Structure formats: structure tokens, C-alpha cells
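Numbering (this note's numbering) for the sequence shown: 1 to 243.
Below is one structure; the comments refer to it alone.
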Amino acid sequence: MAKTILKVQDLFARYGPVRVLHGINLRVSEGEIVCLLGANGAGKTTLLNCICGLHPAKEGHVEFCEEDITLVPAETVVRKGMAHVPERRQIFSTLSVEDNLWLGASHRLREAGKPAILKEIDQIYERFPILRDRKRQMGGTLSGGQQQMLAIGRALLSRPKLLLLDEPSLGLAPLIAKEILQIVREIRDKWGTTVLLVEQNAIAALAVSDRAYVLHTGAMMLEGTAREIANDPRVQSAYLGKA
Ligand code: ATP
Numbered sequence: 001m002a003k004t005i006l007k008v009q010d011l012f013a014r015y016g017p018v019r020v021l022h023g024i025n026l027r028v029s030e031g032e033i034v035c036l037l038g039a040n041g042a043g044k045t046t047l048l049n050c051i052c053g054l055h056p057a058k059e060g061h062v063e064f065c066e067e068d069i070t071l072v073p074a075e076t077v078v079r080k081g082m083a084h085v086p087e088r089r090q091i092f093s094t095l096s097v098e099d100n101l102w103l104g105a106s107h108r109l110r111e112a113g114k115p116a117i118l119k120e121i122d123q124i125y126e127r128f129p130i131l132r133d134r135k136r137q138m139g140g141t142l143s144g145g146q147q148q149m150l151a152i153g154r155a156l157l158s159r160p161k162l163l164l165l166d167e168p169s170l171g172l173a174p175l176i177a178k179e180i181l182q183i184v185r186e187i188r189d190k191w192g193t194t195v196l197l198v199e200q201n202a203i204a205a206l207a208v209s210d211r212a213y214v215l216h217t218g219a220m221m222l223e224g225t226a227r228e229i230a231n232d233p234r235v236q237s238a239y240l241g242k243a
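Take a look at the structure:
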């Protein structure tokens, strides 16, 4: 059986007096793509932020590679091998595409050395040829889909054991959104990168995922294989537009 890479246990979170997550349990095994579905405001982003150290859990635990990382700050969590691509990507719009990619590898530069990182950037260009074509362009001049590719490429340059993606298809045309999710699948198949994916686009997300969780107003409502979740009547009526 594959090793558990991420374990969330009985996690509670709040913003001031407002309770947002209530006793969340979730597991991701090495090499899996797991998606987290749920309506607007269900608490998906808050859960990702608790996992990667951007929001403090009120109660409960987050374990990453068998180490307790609850309340460990985000910059330390990155060094432990967790990369986070936040909602709306947050690339550096006034830096070139190539400089954005370098930033993803900056904390590894001393250890890995420049030639090795250049080779890795080349691998990213092989997967995203449009980024090679535009490598001297400012990040902010790219289209939404290209910016998402850049954000994923930058995250991969930190050589993550676990990649957290928050709504990678947000604001993209349906075909581009589908392509981005297919690329996530290809990256896992080729490099074995484990992925926890937050999505509102349930159909596209389930098509590339192995397992899924459904969050409903801060509590975990369902979990199962992607196929089980896609066939669940509650999910079909609430998220897949089927009666
Ligand atoms: P979306 O798909 O809209 O991003 P989500 O499932 O990711 O939704 P969250 O963004 O985690 O949900 O928000 C969960 C709840 O917490 C919502 O009710 C939201 O209004 C509230 N919330 C989120 N961020 C804050 C904040 N910084 N301060 C106060 N309340 C917040």
C-alpha cells in the first residue's frame, strides 16, 4: 500500500469568532491526485491554507511525511517539500517568465547548483513550450491559462513531494481549464508528484483525480474514489448539474 504523505486529523479553524472548519479528516497517499470539492464558501481554501501553514488551525493536527506540521510557518513547510499554488496564481507580474521560474527554485540554488536548476527549467519548458517562447516577457503580459502554467511550473521547481493547487481553472475558458487539469495528470504520471487539488469545476476535476472529498459548510460530507463521488446522487445534483 502507498505511504500516507498528508494526514489531516480533527481539524478546526476559524476567522475571529466565525467557525469555518469543523473536525476535518483527510488523507493523501504518495502518488495520488486527490480533489477537494465544495460550493463557494465551503472552506476549501481555508483547509489548504491550514495545511500549508498560511492559516492557523484552532484544533487538530496536520501531518506531512509523518511529521507534525500543525502551526509550522508556511516558509518552513515549503522547505519540507510542500508547494502551494494559491487561488488567482499570484505570479510576479513585473518579472520575466524565466525569473518567475527561478524564484521557484531559489531556496534550492545553493544545494542543487545553477546547472542543475537550468536543466530543470528546461524540463518545464519542454512541458510548457509556450513558456519557453515567452521566457523574456513579463509574467503579467501572459494570458490567464499561461499564467496558470507559469504558476504550476514555478511550484514544480521547488521539487515538491506534495503540490497543493487552489482552483487552477478559475477564470479560464472551459477548454483551457480542461487542458490545465490534464497537464496536472500528466505531471503526476511522469514525475509521480502527489497533488491535492481544490476545484469548483467538479466534472473536470473528477476526470483527472483518483479520489475526492466533498466539503459542505465546513464539514466533510463525502469521500470516495473519483468514480464513486461522480456517481453519488447528492454530488450529481449539487455539483454536476444532474437532477
Ligand atoms: P471559494 O470557492 O469561494 O474560494 P472556499 O470553499 O474556498 O470558497 P473559503 O474561502 O475557505 O471557502 O471560505 C470559507 C468561509 O470563511 C466563507 O464563509 C468565507 O466568507 C470565510 N472567510 C474566508 N476568508 C476569510 C477571512 N480572511 N476573514 C473572514 N472570513 C473569511
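Glycine is no exception: its CB is placed at the ideal position from the N, C-alpha and C atoms.
Here the structure is a predicted model, which means the values were calculated and not measured.
Checklist entry - Hey, would you say glutamine 148 sits closer than 8 Å to isoleucine 130, going by beta carbons? => result By the CB criterion at 8 Å, glutamine 148 and isoleucine 130 fall outside the cutoff.
Next on the checklist: With H, G and I counted as helix, E and B as strand and the rest as coil, what does DSSP make of lysine 3?
Outcome noted: coil
Checklist entry - Are there 16 or more other CB atoms within 10 angstroms of the CB of methionine 1, so buried, or fewer, so exposed? => result exposed
Next on the checklist: Tell me which residues share the same chain as valine 20 and place their Cβ nearer than 8 Å to its Cβ, disregarding the 5 neighbours each side in the sequence.
Outcome noted: Ala13, Arg14, Gly43, Thr46, Gly218
Checklist entry - When we look at the beta-carbon of arginine 134 and count the other beta-carbons within 10 Å, is it buried (16 or more) or exposed? => result buried
Item to check | Cβ-heavy atom distance, asparagine 40 to the ligand ATP, below 7 Å | outcome: yes
Next on the checklist: Quick check on alanine 13: does DSSP put it in helix, strand or coil?
Outcome noted: strand
Next on the checklist: Contact defined as beta carbons within less than 8 Å: I believe cysteine 35 pairs with serine 209. What is the distance between those atoms, to the nearest angstrom?
Outcome noted: 4 Å
Checklist entry - isoleucine 69 and glutamate 30 look like a contact to me (Cβ under 8 Å); what is the Cβ gap, rounded to whole Å? => result Contact doesn't hold; Cβ gap of about 16 Å is too wide.
Item to check | Secondary structure of leucine 142, DSSP reduced to three states | outcome: coil
Checklist entry - Can you tell me where the alpha helix (DSSP H) with isoleucine 187 in it begins and where it stops? => result Counting along the chain, isoleucine 187 sits inside the alpha helix (DSSP H) bounded by residues 174-191.
Checklist entry - Apart from the five residues just before and just after glutamine 9, which ones in its own chain have a Cβ nearer than 7 Å to its Cβ? => result Asn25, Gly60, His61
Next on the checklist: Pull the bridge partners of arginine 211 from the DSSP assignment, please.
Outcome noted: Val34, Thr225
Next on the checklist: Which residues does DSSP list as the beta-bridge partners of valine 62?
Outcome noted: For valine 62, which the question treats as bridged, DSSP gives the partners Val8.
Checklist entry - With distances taken between CB atoms, is the gap from threonine 225 to arginine 234 smaller than 8 Å? => result no
Item to check | leucine 71 beta carbon less than 8 Å from that of proline 56 | outcome: yes
Item to check | Other residues of its chain near glycine 38: CB distance less than 7 Å, five sequence neighbours each side excluded | outcome: Lys44, Val214, Leu215, His216
Checklist entry - Mapping DSSP to helix, strand and coil, what is alanine 243? => result Any answer about alanine 243 is weak, because its pLDDT of 49 lies below 50 and its placement is not dependable; what the coordinates show is given next. In the structure shown, alanine 243 sits in coil (DSSP, three-state: anything other than H, G, I, E or B).
Checklist entry - In the DSSP assignment, what residue or residues form a beta bridge with alanine 83? => result Leu163
Next on the checklist: Suppose contacts are defined by Cβ-Cβ distances below 8 Å. Is leucine 157 in contact with glutamate 120 by that definition?
Outcome noted: yes
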